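Trainee: Mapping to the UniProt record's numbering: the sequence shown position 302 is 302, numbers consecutive. My structure is below; once you've seen it, I'll send some questions.
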Amino acid sequence: MGRRWRLSTIRLSIICLTIIFLSTLYLSFSSLPEPCNCPSTSSTHLEDDNAPKQRTITETAQNKSIVVDETEHWGPHKLGIIVPFRDRFEELTEFVPYMHQYLNRQKIRHKIYVMNQADHFRFNRASLINSGFLISQKESVDYIAMHDVDLLPINQELRYEYPEKGPYHIASPKLHPKYHYDKFVGGILLLNKFDFIKINGLSNRYWGWGMEDDEFYVRMMEAGLQISRPENITTGTENTFKHIHDKRKRQRDYNRYYNQKQEMKRRDRLTGVDTVQYTIDNQHDITISGAPVTVYNILLECDLLATPWCIHPDVLAASKRKERIVEKYDRPIKH
Numbered sequence: 001m002g003r004r005w006r007l008s009t010i011r012l013s014i015i016c017l018t019i020i021f022l023s024t025l026y027l028s029f030s031s032l033p034e035p036c037n038c039p040s041t042s043s044t045h046l047e048d049d050n051a052p053k054q055r056t057i058t059e060t061a062q063n064k065s066i067v068v069d070e071t072e073h074w075g076p077h078k079l080g081i082i083v084p085f086r087d088r089f090e091e092l093t094e095f096v097p098y099m100h101q102y103l104n105r106q107k108i109r110h111k112i113y114v115m116n117q118a119d120h121f122r123f124n125r126a127s128l129i130n131s132g133f134l135i136s137q138k139e140s141v142d143y144i145a146m147h148d149v150d151l152l153p154i155n156q157e158l159r160y161e162y163p164e165k166g167p168y169h170i171a172s173p174k175l176h177p178k179y180h181y182d183k184f185v186g187g188i189l190l191l192n193k194f195d196f197i198k199i200n201g202l203s204n205r206y207w208g209w210g211m212e213d214d215e216f217y218v219r220m221m222e223a224g225l226q227i228s229r230p231e232n233i234t235t236g237t238e239n240t241f242k243h244i245h246d247k248r249k250r251q252r253d254y255n256r257y258y259n260q261k262q263e264m265k266r267r268d269r270l271t272g273v274d275t276v277q278y279t280i281d282n283q284h285d286i287t288i289s290g291a292p293v294t295v296y297n298i299l300l301e302c303d304l305l306a307t308p309w310c311i312h313p314d315v316l317a318a319s320k321r322k323e324r325i326v327e328k329y330d331r332p333i334k335h
């Protein structure tokens, strides 16, 4: 009797152990998670110093992550917006944020260079553009826009893309709100750096307002450059650009002194981007309404023997020594 009871106990123990083992095995498999349909973890989500870095923008919308790779949309060329400037601060505060947003919508890599003439000479738009071009070449700029601060493009069809085939005149005489003659190339003109160097930039002899772009037109024609302009634009002279110049507050210097009128009608073969004389007094990287811009305070130099009209006669007469007008600046940044 005792022996039979011991055998029953052993069998019962074996049965219990078998049941426990099978139960554990079943629970182990049933507790595994179901396969996940989530996206796999990529190198852009890991803190891996060796992983390639990408310029991405991630937005969350309706619990979905939208990744935009800028390298697929932004062009390879960098544009330098060169703005010749003096005493136009109200226009500048509107120009910088507007153009920054306008160019961003077109995916144009760009930097805005405000060339502020800080000396006492008459305004020289051409020399400021020449100096701005030289400065921009130190920062890998591929092409420039010679851009008036008071002219804003309204029509988004006006493209600021790289002008590979030659100068591209955005402010066409058929679209500009004020100037409509065929040879007009002012307002907004795009050139790649090779074409600008080929024609030696602009003449430095134009002090006061106007006519430097007419001489620049002759340079482009003599160099065999083909000027193109916007086509198939549905807007006209009234609604393609916004002209924010207030001639009552910002009177332009149209005065002509000495033999300036006659000299300005001649093709200048002596001066250009390779002869411009200027000093960077200082520079400031600022933001206007969130838009970045670099302001260069420029001190130009004038040769009174070559261009005595660089300064108003009344100022010249007030000087006891004429050579005092031709200032020589001993500064670290010299060109």
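Glycine included, C-beta positions come from ideal geometry on N, C-alpha and C. On a predicted model such as this, the values are computed, not experimentally measured, just so you know.
What does the alpha-carbon distance come out to for the pair ASP142 and PHE196?
Mentor: 11 Å
Trainee: Quick check: what's the CA-CA separation for THR294 versus HIS147?
Mentor: 15 Å
Trainee: Under 8 Å by Cβ, that's how I've got GLY108 and VAL96 pegged, so tell me the actual separation to the nearest angstrom.
Mentor: According to the sequence shown, residue 108 is Ile rather than Gly. Not confirmed; about 15 Å, so no contact.
Trainee: Along the alpha helix (DSSP H) that carries PRO97, what are the first and last residues, could you check?
Mentor: Where PRO97 is concerned, the enclosing alpha helix (DSSP H) stretches over 89-105.
Trainee: Just checking, does the segment 175-182 make contact with the segment 192-208 on the three C-beta pairs under 8 Å criterion?
Mentor: Contact check between the segment 175-182 and the segment 192-208: fewer than three CB pairs, one atom from each, fall below 8 Å, which does not count as touching.
Trainee: Strictly by DSSP, which residues pair up with LEU191?
Mentor: ILE144
Trainee: Could you have a look at GLY132 and say whether DSSP puts it in helix, strand or coil?
Mentor: helix
Trainee: Of all the options ASP314, GLU94, SER131, which has the alpha carbon lying nearest to the alpha carbon of THR275?
Mentor: The candidate whose alpha carbon is nearest that of THR275 is SER131.
Trainee: Quick test of your reading: ARG250 and ARG125, contact by CB under 8 Å. State the CB separation rounded to the nearest angstrom.
Mentor: About 14 Å; that fails the 8 Å criterion.
Trainee: Residue range of the beta strand (DSSP E) that GLN117 falls in?
Mentor: Its beta strand (DSSP E) spans residues 109-117.
Trainee: With respect to the beta strand (DSSP E) encompassing TYR296, which residues constitute its N-terminal and C-terminal limits?
Mentor: Residues 291-300.
Trainee: So, for GLU91: in the same chain, excluding its five sequence neighbours on each side, which residues have a beta-carbon less than 6 Å away from its beta-carbon?
Mentor: Hits under 6 Å: VAL149, ASP150, ILE244.
Trainee: Please go through the same chain and pick out, in chain order, the residues whose beta-carbon is closer than 6 Å to the beta-carbon of VAL83, but skip the five residues on each side of it.
Mentor: VAL114, HIS147, VAL149
Trainee: Does the beta-carbon distance from SER136 to GLY80 come in below 8 Å?
Mentor: yes
Trainee: Pull up the distance between the alpha-carbon of ARG105 and that of MET221, whole angstroms please.
Mentor: 33 Å
Trainee: Can you give the beta carbon distance from LEU175 to ILE233, rounded, assuming they're within the 8 Å contact cut?
Mentor: 6 Å
Trainee: Report the residue from PHE123, LYS78, LEU270, ILE199 whose alpha carbon sits nearest the alpha carbon of LYS138.
Mentor: LYS78
Trainee: Does GLU157 pass the burial test, meaning 16 or more other C-beta atoms within 10 Å, or should it be called exposed?
Mentor: exposed
Trainee: For ASP268, collect the residues of the same chain with a Cβ closer than 7 Å to its Cβ; drop the 5 residues on either side in sequence, then sort them by chain order.
Mentor: SER203, ARG205, GLU215, listed in sequence order.
Trainee: Using only the alpha-carbon positions, how far apart do THR240 and LEU305 sit?
Mentor: Approximately 43 Å, taken between the alpha carbons.
Trainee: Less than 8 Å between the beta carbons of GLY208 and ARG122, yes or no?
Mentor: yes
Trainee: Beta-carbon within less than 6 Å of HIS73's beta-carbon, same chain only, minus the 5 sequence neighbours each way: which residues are those?
Mentor: LYS107
Trainee: When you compare only the Cα positions, how much space is there between ILE298 and ALA171?
Mentor: 26 Å
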